[in-house]
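So in numbering that gives the first Met the number 0, spot 395 of the sequence shown is number 394, and the numbers just go up one at a time. Backbone N, C-alpha and C define an ideal beta-carbon position, used for all residues, glycine too. Only one structure is covered here, and it is reproduced in the block below.
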Amino acid sequence: MLATVLYLVLFCDLALSRDVEVETKFGRIEGFRYELKDGNSTDVFLGIPFSERPKRFQRARLVSPWMDKKEAKHFGPSCPATMPWLMDAGLEFAEECLFMNVIAPSRPSRGRSGYPVVVWVQGGGFELGTSTVYGYKNISENFVSRDVVFVTFNYRLGPFGFLSTGDDAAPGNVGLWDQILALQFVNEIISDFGGDPTNVTVFGESAGAAAVSLLTLSPHSSGLFQKAITISGSSFSNFAINERVVEESLRLAQFLECEGTSKEIVECLRTRSIDELYSAFFRIGPARDRLLGFHYSPRFDSDFFPLDSLNSLVEVASPIPTLAMITSSEMGIFTMNNLDMNLIDVDPSRIEDYNEDDLREVMKKIARGTPGLEEELLAFYISRGDGEERNSTFYLSRLTQLASDIMFNVPPLQEAEMKSAFSWPVFLGEEAYYTREEGENIPIEGAFHGNELSYLFDPQTGSSYDGSSDSRKFKGLMIETIVSFANTGVPTSYGQPWKPVDARSPRRYVELSTRSEEKEGLMEESYKFWTQELPNKVGVESLKALLPALKLDRETNVLGKRALKKKL
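Structure (structure tokens):
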């Protein structure tokens with residue numbers, strides 16, 4: 000009995016000794032100390048509220064100071080998603096979901112300004128995702144151990160974050176305003192955790208990358224961060240900003256029997272329960288006629304985005320260093336996994352027999368009757384490449400390339416070229432290394448969308464890290480790239496700085512695998528096809544549903560050309 004009591008006392012003392020507290024202008028916060036593999040430690044604070052209880056479809060307000068100590072040892076609830084069946088089981092969902100997690104080095108910074116800060120914006124098509132799944136253990140080992148303060152947070156998703164009636168009743172973009180609020184909160188408190196509020200990098204993947212890209216173009220984010228990292232996403236992608244969200248919002252209202260004026264519709268939707276909304280999500284289902292089957296997105300609202308085109312927003316935005324990366328075979332995550340939500344999903348039973356007719360059918364749906372477009376797609380993605388065996392692997396690879404070019408390859412290259420023309424330091428990179436899980440029936444090559452996630456964070460669905468020597472090399476290069484950029488605004492590989500793109504080398508990039516290599520012409524053939532050849536053959540307007548930032552120049556369609564002339 001005495002031994003049990005002593006054990007409990009010792010255990011309690013040990014547990015108490017691991018508690019850590021921080022005093023902020025909002026109040027005291029208690030987290031815990033996490034021991035690293037090398038014997039050092041990080042201080043972890045989970046589930047910190049950064050807003051007052053948000054009202055559905057309205058902007059949240061910064062949290063008020065609290066009197067009692069705030070315990071921050073567990074992740075807060077996740078924001079409701081439109082496709083919760085694609086998320087990890089066991090997650091808690093609630094509309095009161097605007098929580099932040101801060102992981103910081105336990106030891107004080109040697110510099111007077113504090114540690115550089117990285118703020119992570121998760122992806123999920125603006126319809127699913129949560130900071131919870133990224134954890135804190137691998138963040139501690141990979142980033143915080145390298146003297147970075149790392150922040151993750153939730154923002155509202157789907158109609159909760161992006162519903163819009165197209166007018167003042169619900170202008171939309173509430174999820175982006177959540178991100179602004181989170182960054183404002185970071186600027187207020189991060190010095191209390193040892194971070195430098197004047198050295199903040201916003202880092203996102205997929206829709207999180209598109210959000211980061213959009214944040215760089217909004218005047219409301221001015222001064223809140225100094226650098227941006229985007230992996231597999233761009234504001235220039237058609238899923239990133241689209242007026243179609245108004246139509247989708249009104250469709251949801253119809254399913255929930257909410258009618259009348261915009262104001263009446265919004266008030267009616269506020270009365271519907273979460274269960275009623277989930278039921279509507281299930282009945283509506285994904286948008287299976289699109290390359291990515293999501294319904295909700297940011298839109299031009301005359302406030303968050305005071306101008307109504309991406310090109311105009313780039314022209315007036317303040318340049319900041321930007322690191323933009325893609326993977327070598329982005330859309331393979333969708334073509335090969337049959338999530339039953341996208342136009343390009345391939346049924347597993349068809350993988351070994353996928354043929355030209357199957358690919359032609361997808362091209363026909365993408366072309367949507369545009370004269371000449373289907374034929375041009377066929378010529379570029381099927382007819383070229385003499386000597387290659389026309390088997391199922393060939394057609395699956397070309398399907399993946401077609402979808403990747405439209406959604407994830409061409410848009411960030413457009414963005415990089417235009418931003419570079421307006422004096423933004425832009426660095427391009429490509430993930431070429433990948434592994435496959437044993438037993439996976441995936442015949443096509445390349446690193447898929449989300450490839451890096453399990454290398455950087457706690458294990459993620461669709462991302463495989465096997466711990467091999469080669470995987471560790473790639474992981475080390477990815478971490479060095481991100482941490483060096485967060486520190487200085489210039490990424491390095493093995494200590495060697497990358498070169499930004501410029502007018503002479505607009506698609507210069509660094510390929511990351513088991514080693515790094517500087518190369519020229521990232522996705523060059525695809526970029527020229529979509530931005531120069533196709534617009535001159537089928538017209539810009541017919542392509543804008545796929546690539547909304549296209550602009551036609553009589554000679555070529557190089558996006559930054561006019562901008563460069565104007566600047567000179």
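Do you know offhand how far L398's Cα is from A323's? By 1-based counting over the sequence shown, the position of residue 398 is 399. By 1-based counting over the sequence shown, the position of residue 323 is 324. Approximately 24 Å, taken between the alpha carbons.
Three or more C-beta pairs under 8 Å: does that hold for the region 421-438 against the region 306-322? The way I'd put it, the region 421-438 does touch the region 306-322; three or more beta-carbon pairs between them come closer than 8 Å.
Confirm, please, whether the CB-CB distance from L376 to L401 is below 8 Å. Within the sequence shown, numbered from 1, the residue matching residue 401 stands at position 402. Within the sequence shown, numbered from 1, the residue matching residue 376 stands at position 377. Yes, the Cβ-Cβ distance between L401 and L376 is below 8 Å.
Among V118, V199 and A210, which has the Cα closest to the Cα of F161? Numbered from its first residue, the sequence shown carries residue 161 at position 162. In terms of CA proximity to F161, A210 leads the group V118, V199 and A210.
Can you list, in chain order, the residues of its chain whose CB lies under 6 Å from that of P285, leaving out five sequence neighbours each side? Indexing the sequence shown from 1 puts residue 285 at position 286. Result list for P285: G292 and M340, in chain order.
From the DSSP secondary-structure annotation, give me the bridge partner or partners of Y135. Position 136 of the sequence shown, counted from the start, is the residue given in the question as residue 135. Paired residue(s): none; Y135 is not in a bridge.
Excluding the five sequence neighbours on either side, which residues of its own chain have a C-beta within less than 8 Å of the C-beta of N354, listed in chain order? By 1-based counting over the sequence shown, the position of residue 354 is 355. Excluding residues within five positions, the ones whose Cβ falls inside 8 Å are S391 and Y394.
Sequence ranges, alpha helix (DSSP H) only - wholly within the region 129-196, length at least 4: Runs found: 136-141, 157-161 and 173-188.
In three-state DSSP terms, what is W119? Numbered from its first residue, the sequence shown carries residue 119 at position 120. For W119, the three-state secondary structure derived from DSSP is strand.
Buried or exposed (CB count within 10 angstroms, at least 16 for buried), P64: Your numbering for residue 64 matches position 65 in the sequence shown. Counting Cβ neighbours within 10 Å, P64 comes out exposed, since fewer than 16 surround it.
Mind pulling the alpha helix (DSSP H) runs of 4 or more residues that sit fully within the region 504-530? The region 504-530 is shown to contain whole alpha helix (DSSP H) runs of 4 or more residues at 523-527, in chain order.
Inspect the CB distances between the region 220-234 and the region 134-151 and report whether three or more fall short of 8 Å. As far as the Cβ criterion goes, the region 220-234 does not touch the region 134-151, which means the pair count is below three.
Does H73 pass the burial test, meaning 16 or more other C-beta atoms within 10 Å, or should it be called exposed? The sequence position of residue 73 within the sequence shown is 74, counting from 1. Counting C-beta atoms within 10 angstroms of its own C-beta, H73 has fewer than 16 neighbours from the protein chains shown and is therefore classed as exposed.
Starting from S492, follow its DSSP beta bridges and name the residues at the other end. The residue you call residue 492 lines up with position 493 of the sequence shown. Q495, per the DSSP bridge assignment.
Between G134 and E204, is the Cβ-Cβ spacing less than 8 Å? Along the sequence shown, read from residue 1 onward, the residue named residue 134 stands at position 135. Along the sequence shown, read from residue 1 onward, the residue named residue 204 stands at position 205. The criterion of a C-beta distance shorter than 8 Å is not satisfied by G134 and E204.
Output yes or no for whether 8 Å exceeds the beta carbon distance between F202 and V132. As a working mapping, residue 202 is identified with position 203 in the sequence shown. As a working mapping, residue 132 is identified with position 133 in the sequence shown. With a cutoff of 8 Å on beta-carbon distance, F202 and V132 are scored as not near each other.
Can you look up Q253 in the DSSP assignment and give me helix, strand or coil? Against the sequence shown, residue 253 aligns to sequence position 254. In the structure shown, Q253 sits in a helix (DSSP, three-state: H, G or I).
In whole angstroms, what separates the C-alpha of V21 from that of K68? Translated into positions along the sequence shown, residue 21 becomes position 22. Translated into positions along the sequence shown, residue 68 becomes position 69. So the two alpha carbons sit approximately 10 Å from each other.
Count the CB pairs spanning the region 212-223 and the region 303-310 that are closer than 8 Å, and state whether there are at least three. Because the criterion of three Cβ pairs below 8 Å is met, the region 212-223 and the region 303-310 touch.
Residues bridged to S50 [DSSP beta-bridge criterion]: Start at 1 with the first residue of the sequence shown, and residue 50 comes out as number 51. In the DSSP output, where bridge partners are listed per residue, S50 has L61.
With distance defined between alpha-carbon atoms, name the residue in G386, R359, D501 and M477 nearest to I325. Locating residue 325 in the sequence shown gives position 326, where the first residue counts as 1. If we check each option's Cα against that of I325, M477 comes out closest.
Can you tell me which residues form a DSSP beta bridge with L23? Taking the sequence shown and counting its residues from 1, the one referred to as residue 23 is at position 24. This sequence places Thr at residue 23; Leu is not what is there. DSSP lists G26 as partners of T23.
With a threshold of 7 Å on Cβ separation, who are the neighbours of E247 within its own chain once the five nearest residues in sequence on each side are excluded? As a working mapping, residue 247 is identified with position 248 in the sequence shown. Here E247 has H294 and Y295 as same chain residues with Cβ atoms under 7 Å from its own Cβ, once five neighbours each way along the sequence are excluded.
For L549 and E414, what's the separation of their Cα atoms in angstroms? In the sequence shown, residue 549 corresponds to position 550, counting from 1. In the sequence shown, residue 414 corresponds to position 415, counting from 1. If you take the alpha carbons of L549 and E414, they lie about 11 Å apart.
Alpha-carbon to alpha-carbon, A378 and Y154: Here residue 154 refers to the residue found at position 155 when the sequence shown is read from its first residue. Here residue 378 refers to the residue found at position 379 when the sequence shown is read from its first residue. Spanning the two alpha carbons is a distance of roughly 42 Å.
Completely contained alpha helix (DSSP H) runs for the region 369-414, where each covers 4 or more residues: Runs of the alpha helix (DSSP H) inside the region 369-414: 372-377 and 391-403.
Quick one: give me the first and last residue of the alpha helix (DSSP H) that F281 is part of. As a working note, residue 281 is residue 282 in the sequence shown. Annotation: the continuous alpha helix (DSSP H) that includes F281 extends over I273 to I283.
Quick check on DSSP: helix, strand or coil for L558? In the sequence shown, the residue the question calls residue 558 occupies position 559. With a pLDDT of only 44 at L558, under the threshold of 50, the placement of this residue in the model should not be trusted, and no figure is reported.
Could you give the DSSP three-state label for I350: helix, strand or coil? Locating residue 350 in the sequence shown gives position 351, counting from the first residue. It is helical.
Alpha helix (DSSP H) containing E314: first to last residue? The residue labelled residue 314 in the question sits at position 315 within the sequence shown. Boundaries of the alpha helix (DSSP H) around E314: L309 to V315.
Find the nearest neighbour of N337 within the set E329, P347, S328 and M330, judged by alpha-carbon distance. Within the sequence shown, the letter at position 338 stands for residue 337. Closest in C-alpha terms to N337, from the list E329, P347, S328 and M330, comes P347.
When you compare the CB positions of A80 and G157, do they come within less than 8 Å of one another, or not? Here the question's residue 80 lines up with position 81 in the sequence shown. Here the question's residue 157 lines up with position 158 in the sequence shown. A80 is a Cβ neighbour of G157, given a cutoff of 8 Å.
Rounded separation between M335 and D344 - CA only: As a first step, residue 335 is located in the sequence shown; it is residue number 336 there, counting from the start. As a first step, residue 344 is located in the sequence shown; it is residue number 345 there, counting from the start. CA-to-CA, the gap between M335 and D344 works out to about 7 Å.
May I have the straight-line CA-CA distance separating D357 from R250, to the nearest angstrom? In the sequence shown, the residue the question calls residue 357 occupies position 358. In the sequence shown, the residue the question calls residue 250 occupies position 251. In this structure, the alpha-carbon of D357 lies about 31 Å from that of R250.
Compute the Euclidean distance between the alpha carbons of I102 and L372, then round it to the nearest angstrom. Locating residue 102 in the sequence shown gives position 103, counting from the first residue. Locating residue 372 in the sequence shown gives position 373, counting from the first residue. Their Cα atoms are separated by approximately 50 Å.
Can you give, in chain order, each stretch of the beta strand (DSSP E) that sits fully within the region 417-491 and has at least 3 residues? Runs found: 425-430.
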